[in-house]
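Read left to right, the sequence shown gives residues -24 to -1, 1 to 190 (mature numbering (1 follows the signal peptide of the UniProt record, and there is no 0)). Yeah, the Cβ is synthetic: ideal placement off N, Cα and C, and Gly gets one too. Since the structure is predicted, the reported quantities are computational estimates derived from the model, not experimental observations. What follows is a set of notes on a single structure, which appears directly below.
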Amino acid sequence: MRRFLVTLCLLAMSAAGCTRVVDAPTPQAEPPVAPITTGQIGDLLSPKVDKTDGNLFVTVEPDDCAGVAREADPPFIADLNPAAYDGGHWMTDFDGREVYVEEMVGVYRSDYNAKDALAQAQRTIEACRGRTIWVTSMAEREYAFELHAPVESGSPEILLWSFSSQDWACDSAFVAAYNAAIEISTCGRANGYDVRTLAEDALERIKTLANTTA
């Protein structure tokens, strides 16, 4: 009889184990895309952007220097998981020379840390200084670039850098504030185009959108 009762107890414990309910983890809501929304991303681009396509830099070697020059999926923007991404191209003239301008913009969720994004970009640029950066464009033209000396932007939200090869040169900017980032690349036969002013205008667009309430 005692053996029978033990068997019943074991069967009861087994049955109870089969019917145990496990609570599923509560889904965590993602932070909103704010204060700038995905629908406003086009407003981050300069009004000068036209409908033509630029000859973007698509590959960069070494890979850890890709952020310095790559314009297709630019790492300073794309690697931080933007909620929306856009870009544009336009041309202008500087001292009788054509300058090609590429703009790349991203909008993020409200937990985006603009200061960290700028710091990461700064570390990448400094780590690539003194190294040859091999770049290939969409038209399969190859360049061997080298970074110039550091450039002060005068603003904590703006990062500037320049690089050049034997026959091509670029002055670039990275702007990050609130939940948005804008990268600008200006390239031509020589350095010297005023990318700082373009960056300041870009920062103003970010601030205007971030402080506009619907």
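Close CB contacts of A115 within its chain, under the 7 Å cut and outside five residues either way in sequence, are with N31 (chain order).
Taking the C-beta atoms as reference points, I182 is found nearer than 8 Å to L20. Taking C-beta separations shorter than 7 Å and ignoring five residues to either side along the sequence, the partners of E74 in its chain run M67 and G164, following chain order.
Around L174, the same chain offers I160 as residues with beta carbons nearer than 6 Å, after the five sequence neighbours per side are excluded. For G15, the closest C-alpha among the options V36, A48, A59 and Q96 is that of A59. Non-local C-beta neighbours of S148 in its own chain, meaning closer than 6 Å and more than five positions away in sequence, comprise W137 and S161, ordered along the chain. Under the three-state reduction of DSSP output, T162 falls in the strand class. Here I134 carries a strand assignment [DSSP, helix/strand/coil].
Residue A157 holds the alpha-carbon nearest to the alpha-carbon of Y84 among G72, A157 and N167. Its chain contains A59, A60, V83, Y84, R85, S86 and N155 as the residues whose beta carbon lies nearer than 8 Å to that of V9, once the 5 sequence neighbours on both sides are disregarded; these appear in chain order. Of the residues assessed, A95 falls on the exposed side of the cut-off, its CB having fewer than 16 other CB atoms within 10 angstroms. Distance from the CA of D29 to the CA of E79, rounded to the nearest whole angstrom, comes to 11 Å. By the beta-carbon neighbour count (other beta carbons within 10 angstroms, threshold 16), A178 is buried. I109 carries a strand assignment under DSSP once its states are collapsed to helix, strand and coil.
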